[in-house]
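These protein sequence lines are chains A and B, in that order.
One point on numbering: in my numbering, the residue at position 67 of the first sequence is 67, and numbering is uninterrupted.
One point on numbering: in my numbering, the residue at position 108 of the second sequence is 108, and numbering is uninterrupted.
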Amino acid sequence: EAGVAQSPRYKIIEKRQSVAFWCNPISGHATLYWYQQILGQGPKLLIQFQNNGVVDDSQLPKDRFSAERLKGVDSTLKIQPAKLEDSAVYLCASSLVDRGYGYTFGSGTRLTVV
Amino acid sequence: SQELEQSPQSLIVQEGKNLTINCTSSKTLYGLYWYKQKYGEGLIFLMMLQKGGEEKSHEKITAKLDEKKQQSSLHITASQPSHAGIYLCGADMGGTSYGKLTFGQGTILTVHP
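Here it is, written out as structure tokens:
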């Protein structure tokens, strides 16, 4: 079974620029998550999708962050404009609808904003 | 304050020594997950615990969930340099947090050869 795919692996941008991350979940996993992990801390949930609908985006800074999951499969997370404090690892995860089947994480995208 | 507290925050051990990492919640946990992470990279799944009193082992790593389902421990026997990394506990806290993971702040493990 292929894992959760994320790209790019690394990205360096200047503040006020925009950036986009891509995630392809495990085939058949209805639920997709984006987490932000500032180095030295645990991951924090940004947004949760069920198929192509948003379940929870309460922690997403909507003035600069946006996410979509077209056709209930791939997802993109965008930051526009980026700030220095957005430097973090962005993790995508997917799971089956019923909890207990586990959450599988991708390799992450390490973003550095300079 | 953190919903999920890990201790210690960092740990340095000599190769061959045993060690334990704890994960504590003030709420009942509906699922407790242990992950390992290399600095700046993705999370590698280790184990999932759901039932009070449950214990699981894989190679030299054992994880337990207490009867009240509010605390979990991860124990490594005869540590090796390959065990070095960041250990994260994540939990389904139920209620409005159903179906998503809340994480502890992580424990950084260093193993000296």
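Every residue, glycine too, gets a C-beta built ideally from N, C-alpha and C.
Just so we're clear, the structure is a prediction, and the values are computed from it rather than from any experiment.
Query, Result
"Between glycine 53 of chain A and chain B, is there a C-beta pair that is closer than 7 Å?", "no"
"To the nearest angstrom, how far is it from the Cα of valine 13 of chain B to the Cα of threonine 110 of chain B?", "6 Å"
"With DSSP run on the structure shown, which of helix, strand or coil describes lysine 11 of chain A?", "strand"
"Could you work out which residue in A/Ala30, A/Gly3, A/Gly72 and A/Ile13 is closest to isoleucine 79 of chain A when comparing CA atoms only?", "A/Ile13"
"In chain order, what residues of the same chain lie with their CB nearer than 6 Å to the CB of glycine 95 of chain B, ignoring the 5 residues before and after it?", "none"
"So, using beta-carbon positions, are glutamine 37 of chain B and isoleucine 86 of chain B closer together than 7 Å?", "yes"
"Where in the segment 25-72 of chain A do unbroken runs of the beta strand (DSSP E), each at least 3 residues long, occur, reported from the N-terminal end onward?", "31-37, 44-50, 53-56 and 65-68"
"May I ask you to check if the CB of glutamate 54 of chain B is nearer than 6 Å to at least one heavy atom of the ligand MG?", "The ligand MG is not part of the structure shown, which contains no ligands of any sort."
"Which residue marks the beginning of the beta strand (DSSP E) containing glutamate 55 of chain B, and which one marks its end?", "55-58"
"Measure the alpha-carbon distance for lysine 69 of chain B versus glycine 52 of chain B and round it to whole angstroms.", "5 Å"
"Quick check on this structure: which residue in B/Gly42, B/Pro113 and B/Pro8 has the alpha carbon closest to the alpha carbon of glutamine 80 of chain B?", "B/Pro113"
"Can you name the residues that DSSP bridges to histidine 112 of chain B?", "B/Gln14"
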